[in-house]
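Colleague:
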Amino acid sequence: MSESDFFSNNLTEEERELYDRQFRLQGWNQSILKNSRVLMVGVGGLGCEIAKNLTMVGVGHIDLVDLDVIEHSNLNRQMLFIGAKVARPKALAAVDMLKKINPNITIKGYRSSLEQLPPVLYKKADVIISGLDSMQARLNLNTQVIRFNKPLVDGGVNGYHGHIYTIFPKINACFECYSVSSSESDDMAACTVVGIPRKRIHCLFKAMMKFEEINSNPPNVKNIKELKFLKDNANELVEKFGFEPLFEEKEIIQIIDHHDPGIITINAVIASIQSHEVIKILNYIKGNKGLGIPNKSYIIYNGMTARFYHLDKPRNDKCPQCGDDVLWEDFYLRKDQPLQLIIDGLKMKGHNLDSEMEPIITIPDFNSIRELDLQRTVLENRLFPLSLLTISGFTEGDIYVTLHIFKDKTLKHSS
Amino acid sequence: MSKEFDEDLDEDLDEDLEEPEVASKTPTKVVSKTPAPRVAGNDLSIFLMSTIGPGEKKQKLLVNTGNSVGDIKQTVGSIFGVDPSDFHLSHGGITMDDGNYLKDYPIKDGDTVLLIPASTAGM
C-alpha cells in the first residue's frame, strides 16, 4: 500500500488542513487529484452532486458544461442553484457556488451544447463524466471519448432506479457497440422531421415547428390557445396520414412538457458512485493502484430493494464507433486553407474515392448534421481546432478526421 | 413512554416491515402468454429476472425465438406488473432492441434475461 502524500511540497498549508481527514486514508494521494482535470457534462440532478463531490475532495481543475438555465423545479434536488436566479445558465451558477465551497481549485463553466464545445476540452480532460438525460448527447460524447481515448463515467436515473457505467474505450462496450433503440422523445431531440410524417408523434413535432415558425418561440403548453393550436394542427396531420387516434390535450402536455421524475436520494447514490469511480480512475491511470481497480461493469441500483446488479458489457470489435475497422486520420491545415485539401490528402494517403459518389465532409451540429463547403477555408467553415470531421465518398466507407489547425505563428513553417 | 404508545408502535412496525412478496427463486410454473411468433423460430424456456420494482422476481417463460423483443416486453410487463416503457431486456450484457427478434440474440434454453431500468437510455 502506497503512503499518503501528506507532506508533499505540491500542497499548501491551507490544503493540508482542509484535506486532513482524506490524508488519513490508506493509499491516498492528494497531489494526483490536485494535478487532475475532469470534464463534467450536464449540471443537473446528477451533475450538481458530482460537481459538489469533486470540488470538495479537491480535484484541481473542473470544466462544467450545460446548455440549460435554472428552473424553479430544479431546486428539490440541485443544491448548487440554491439562492441563484431562475433563468441563469446552470453552468455559470454552479461555478459561483463551487468556488465558495472550495476556493483552492480551478472551476470553469461553459453554457454550450456538446456540438459547440471546443473539442480541446475533451483532450485536456483526464476523465469525462456525464449526467445526461438524452441518448443523443450520450452518442455525441461517446464519439469524443473513443477518439481521445478517455474514460467516460456515465450515470442515469429513472424513478427509483439508476445506473453507473464507465466506458473504457476499446476495453468494454461503448454506447454504439450494440444497436440502440431511440425513444420518441429522442426523436424530438433529433428533430429529423422533414417532409411526410413517418410516425404519429411526428405530426405533433410538425405542429410545434409550425408554431415556432409563426411565433419564433416555442409553444407554451400551459397556454390554452397555444395548446389548441398544437392540437388542431397535429390532428389535421394525424387524420390526413392515418395515424389515429387523435391527440388529446393531456397527451400533448405529457409529450412536450416531458420531465423524468427525480429525487435527490437516488441521484445522490448514483452521483456518489460516479464520483468515487472518477477518483479511483484518476489515481489508477496516474500509477496509484492503492484505491482499487476502477469498475468496468454496468451497475444497476434499485432503490426499492436497495440491491445492486453488475452486468458485464463486452466490446463489439465490429462496432461502427470503437471497432477495429473504423478509420481514424489526423490532418493539419492552416486557417486560410480550403477543406478540399483533406480530400486530396486522403487520396495521397492511399484511400480510394468512390467513383459513384461526390466526397462530402460533415460535422455534427446542434440537433443535426452540417455539411461543410470543400471550396471554403477552415475559418469560413467555422471549425475549431480538433474538430471531428466525417468524410464520406471513399470506397472504404466513412473516415473520421481530426482537424488540427496550425497556430498563426507556425504559418511560415508549414508548406 | 406509555404502554399504549408502545403497542401502537409495535403494530405499525409489524405492518411496515412485512417483507415484500418475492417470488420463489426456483420457479416451477411455466407461464406461456407470449403472442404468436411473427417469423419462424424455435420454442425456448428462459428465465426472466427483474432488477427493477419492489421485489426481485424470477419467472420462467416459454418463448419462441420468432417473437419480437417488443412483443415479449409486453408479456413480461404484464407478468411483472411494470410498464414496458420503464425497462429494457438485457441478455449477456447486451440490451435488446424492441424492433429485433429473439433469434437475433444468442439466447439458449435456460438462459436468464434481465429487466433493467430504462435509465440505461437504450444502451
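Chains as they are written, first to last, in our numbering: chain H, 8 to 422; chain Y, 12 to 134.
Quick reminder that beta carbons are idealized off the backbone N, C-alpha and C, glycines included.
Beta-carbon within less than 6 Å of ALA278 of chain H's beta-carbon, same chain only, minus the 5 sequence neighbours each way: which residues are those?
Modeller: Stepping through the first sequence from its first residue, residue 278 of chain H is reached at position 271. Result list for ALA278 of chain H: LEU53, GLU56, ILE57, in chain order.
Colleague: Going by beta carbon distance, what residues of the same chain come within less than 8 Å of PRO366 of chain H, once the five residues before and after it are set aside?
Modeller: On the first sequence, position 359 is the one that residue 366 of chain H refers to. Only ILE350, LEU360, LEU381, ILE398, SER399, GLY400, PHE401 meet the Cβ criterion.
Colleague: With respect to the beta strand (DSSP E) encompassing GLN70 of chain Y, which residues constitute its N-terminal and C-terminal limits?
Modeller: On the second sequence, position 59 is the one that residue 70 of chain Y refers to. It spans 69-75 - the beta strand (DSSP E) in which GLN70 of chain Y sits, taken as one unbroken run.
Colleague: Mind pulling the chain H residues with CB within less than 7 Å of THR106 of chain Y?
Modeller: The residue labelled residue 106 of chain Y in the question sits at position 95 within the second sequence. Ordered by position in chain H, the residues that pass the 7 Å Cβ test against THR106 of chain Y are TYR185.
Colleague: My understanding is that CYS184 of chain H touches ARG322 of chain H, with C-beta atoms under 8 Å, so please give their C-beta distance in whole angstroms.
Modeller: As a working mapping, residue 184 of chain H is identified with position 177 in the first sequence. As a working mapping, residue 322 of chain H is identified with position 315 in the first sequence. The Cβ separation is near 6 Å, so the contact holds.
Colleague: Ignore the nearest five residues each way along the sequence and tell me which others in GLY77 of chain Y's own chain have a CB closer than 7 Å to its CB.
Modeller: Working through the second sequence from its first residue, we reach residue 77 of chain Y at position 66. Within the same chain, GLY77 of chain Y has close Cβ partners PRO48, ARG49, VAL50, ALA51, GLY52, TYR112, LYS114.
Colleague: Quick check: what's the CA-CA separation for LEU386 of chain H versus GLY166 of chain H?
Modeller: Counting from one through the first sequence, the residue named residue 386 of chain H turns up at place 379. Counting from one through the first sequence, the residue named residue 166 of chain H turns up at place 159. Roughly 46 Å separates the two Cα atoms.
Colleague: DSSP three-state call for ASN179 of chain H: helix, strand or coil?
Modeller: Locating residue 179 of chain H in the first sequence gives position 172, counting from the first residue. The answer is strand: DSSP assigns ASN179 of chain H an E or B state.
Colleague: Measure how close the beta-carbons of ALA98 of chain H and LEU71 of chain H come, nearest whole angstrom, since I'm counting them as under 8 Å.
Modeller: Position 91 of the first sequence holds residue 98 of chain H. Position 64 of the first sequence holds residue 71 of chain H. About 5 Å separates the two Cβ atoms, so the contact holds.
Colleague: If you compare alpha carbons, which of H:GLN328, H:ARG31, H:HIS265 is closest to LYS257 of chain H?
Modeller: Locating residue 257 of chain H in the first sequence gives position 250, counting from the first residue. When only C-alpha atoms are compared, the closest one is H:HIS265.
Colleague: Which chain H residues sit within Cβ distance under 9 Å of GLY135 of chain Y?
Modeller: Since the displayed chain Y opens at 12 and closes at 134, residue 135 of chain Y lies outside it and no answer follows.
Colleague: Using a beta-carbon distance below 8 Å, is ASN240 of chain H in contact with chain Y?
Modeller: Taking the first residue of the first sequence as position 1, residue 240 of chain H is located at position 233. So, not an interface residue.
Colleague: Output yes if chain H places a C-beta closer than 8 Å to the C-beta of SER101 of chain Y; else output no.
Modeller: Numbered from its first residue, the second sequence carries residue 101 of chain Y at position 90. It does; some Cβ of chain H falls within 8 Å.
Colleague: Sort out for me which residues DSSP pairs PRO128 of chain Y with in a bridge.
Modeller: As a working note, residue 128 of chain Y is residue 117 in the second sequence. PRO128 of chain Y is bridged to Y:PHE98.
Colleague: For the candidate residues H:ASN156, H:TYR129, H:GLY49, H:VAL64, whose alpha-carbon lies nearest to that of GLN29 of chain H?
Modeller: Indexing the first sequence from 1 puts residue 29 of chain H at position 22. Considering only alpha carbons, the answer is H:VAL64.
Colleague: Look up LYS157 of chain H in the DSSP assignment and say whether it is helix, strand or coil.
Modeller: Walking along the first sequence from the start, residue 157 of chain H turns up at place 150. LYS157 of chain H: coil per DSSP, three-state reduction.
Colleague: Grouping DSSP H, G and I as helix and E and B as strand, with all else coil, what is SER279 of chain H?
Modeller: In the first sequence, the residue the question calls residue 279 of chain H occupies position 272. Three-state DSSP puts SER279 of chain H in a helix.
Colleague: Leaving out the 5 sequence neighbours to the left and right, which residues in its chain are closer than 8 Å to GLU22 of chain H when beta-carbon positions are compared?
Modeller: For this step, residue 22 of chain H is matched to residue 15 along the first sequence. If we look at GLU22 of chain H and ignore the five residues flanking it on each side, its Cβ neighbours are GLN37, LYS41, GLY65, ASN111.
Colleague: For ALA214 of chain H, which residues in the same chain have their Cβ closer than 6 Å to its Cβ, ignoring the five residues on either side in sequence?
Modeller: Taking the first residue of the first sequence as 1, we reach residue 214 of chain H at position 207. Cβ contact annotation for ALA214 of chain H (same chain, cutoff 6 Å, sequence separation greater than five): LEU237, ASN240, ALA241, in chain order.
Colleague: At a Cβ threshold of 8 Å, is GLY66 of chain Y touching chain H?
Modeller: On the second sequence, position 55 is the one that residue 66 of chain Y refers to. Yes, GLY66 of chain Y counts as interfacial toward chain H.
Colleague: Buried or exposed: which applies to MET355 of chain H, given that a residue is buried once 16 or more other Cβ atoms fall within 10 Å of its Cβ?
Modeller: Position 348 of the first sequence, counting from 1, holds the residue named residue 355 of chain H. Exposed.
Colleague: Please decide whether ILE57 of chain H counts as near chain Y, where near means a Cβ-Cβ distance under 8 Å.
Modeller: Residue mapping note: residue 57 of chain H aligns to position 50 of the first sequence, counting from 1. It does not: the Cβ of ILE57 of chain H has no partner Cβ on chain Y nearer than 8 Å.
Colleague: Just how far apart, CA to CA, sit ILE292 of chain H and ASP82 of chain Y?
Modeller: For the purposes of this step, residue 292 of chain H is taken as residue 285 along the first sequence, with counting starting at 1. For the purposes of this step, residue 82 of chain Y is taken as residue 71 along the second sequence, with counting starting at 1. Their backbone Cα atoms lie some 44 Å apart in a straight line.
Colleague: Any Cβ of chain Y within less than 8 Å of the Cβ of THR312 of chain H?
Modeller: If you number the first sequence from 1, residue 312 of chain H lands on position 305. Chain Y contact via Cβ: present.
Colleague: Looking at THR62 of chain H: is its Cβ nearer than 8 Å to the Cβ of LEU18 of chain H?
Modeller: In the first sequence, residue 62 of chain H corresponds to position 55, counting from 1. In the first sequence, residue 18 of chain H corresponds to position 11, counting from 1. Using a Cβ distance threshold of 8 Å, THR62 of chain H and LEU18 of chain H do not count as a contacting pair.
Colleague: Given a cut-off of 8 Å, decide if HIS170 of chain H and ASN309 of chain H are closer than it, judged by their beta-carbon atoms.
Modeller: Stepping through the first sequence from its first residue, residue 309 of chain H is reached at position 302. Stepping through the first sequence from its first residue, residue 170 of chain H is reached at position 163. Judged by beta-carbon spacing, HIS170 of chain H lies beyond the 8 Å limit of ASN309 of chain H, meaning their Cβ atoms are not closer than that value.
Colleague: Which of the three DSSP states is assigned to VAL26 of chain H in this structure?
Modeller: Here residue 26 of chain H refers to the residue found at position 19 of the first sequence. One point to set straight first is that residue 26 of chain H is Tyr, not Val, in the sequence displayed. Reduced to three states, the DSSP call for TYR26 of chain H is coil.
Colleague: Out of H:SER282, H:VAL276, H:PRO126, point me to the one whose CA is closest to PHE315 of chain H's CA.
Modeller: Reading the first sequence from its first residue, position 308 is the one you call residue 315 of chain H. Checking every option, the nearest Cα to that of PHE315 of chain H belongs to H:VAL276.
Colleague: Cβ of SER137 of chain H within 7 Å of any heavy atom in the ligand FAD?
Modeller: The model depicted lacks the ligand FAD and carries no ligand whatsoever.
Colleague: Are LEU396 of chain H and ILE376 of chain H touching if we call contact CB-CB under 8 Å?
Modeller: Taking the first sequence and counting its residues from 1, one reaches residue 396 of chain H at position 389. Taking the first sequence and counting its residues from 1, one reaches residue 376 of chain H at position 369. Against a cut-off of 8 Å, the Cβ pair of ILE376 of chain H and LEU396 of chain H comes out as no contact.
Colleague: Helix, strand or coil: which one does DSSP assign to VAL64 of chain H?
Modeller: Within the first sequence, the letter at position 57 stands for residue 64 of chain H. Here VAL64 of chain H sits in helix by DSSP.
Colleague: In this structure, how does DSSP classify ASP193 of chain H when only helix, strand and coil are distinguished?
Modeller: Taking the first sequence and counting its residues from 1, one reaches residue 193 of chain H at position 186. Its pLDDT being 46, under 50, ASP193 of chain H is placed unreliably by the model, and nothing is read from it.
Colleague: From the DSSP output, in three-state form, read off MET364 of chain H for me.
Modeller: Here residue 364 of chain H corresponds to residue number 357 of the first sequence, with the count starting at 1. In this structure, MET364 of chain H counts as coil in the three-state DSSP scheme.
Colleague: Name, in chain order, the residues that DSSP records as bridge partners for TRP335 of chain H.
Modeller: Taking the first residue of the first sequence as position 1, residue 335 of chain H is located at position 328. According to DSSP, which records beta bridges pairwise, TRP335 of chain H is partnered with H:TYR407.
Colleague: Which class does TYR129 of chain H belong to by DSSP, given the choice of helix, strand or coil?
Modeller: Locating residue 129 of chain H in the first sequence gives position 122, counting from the first residue. If DSSP states are grouped into helix, strand and coil, TYR129 of chain H belongs with the helices.
Colleague: Using a beta-carbon distance below 8 Å, is ASN295 of chain H in contact with chain Y?
Modeller: The count along the first sequence starts at 1 and reaches residue 295 of chain H at position 288. Judged by the 8 Å Cβ criterion, ASN295 of chain H is not in contact with chain Y.
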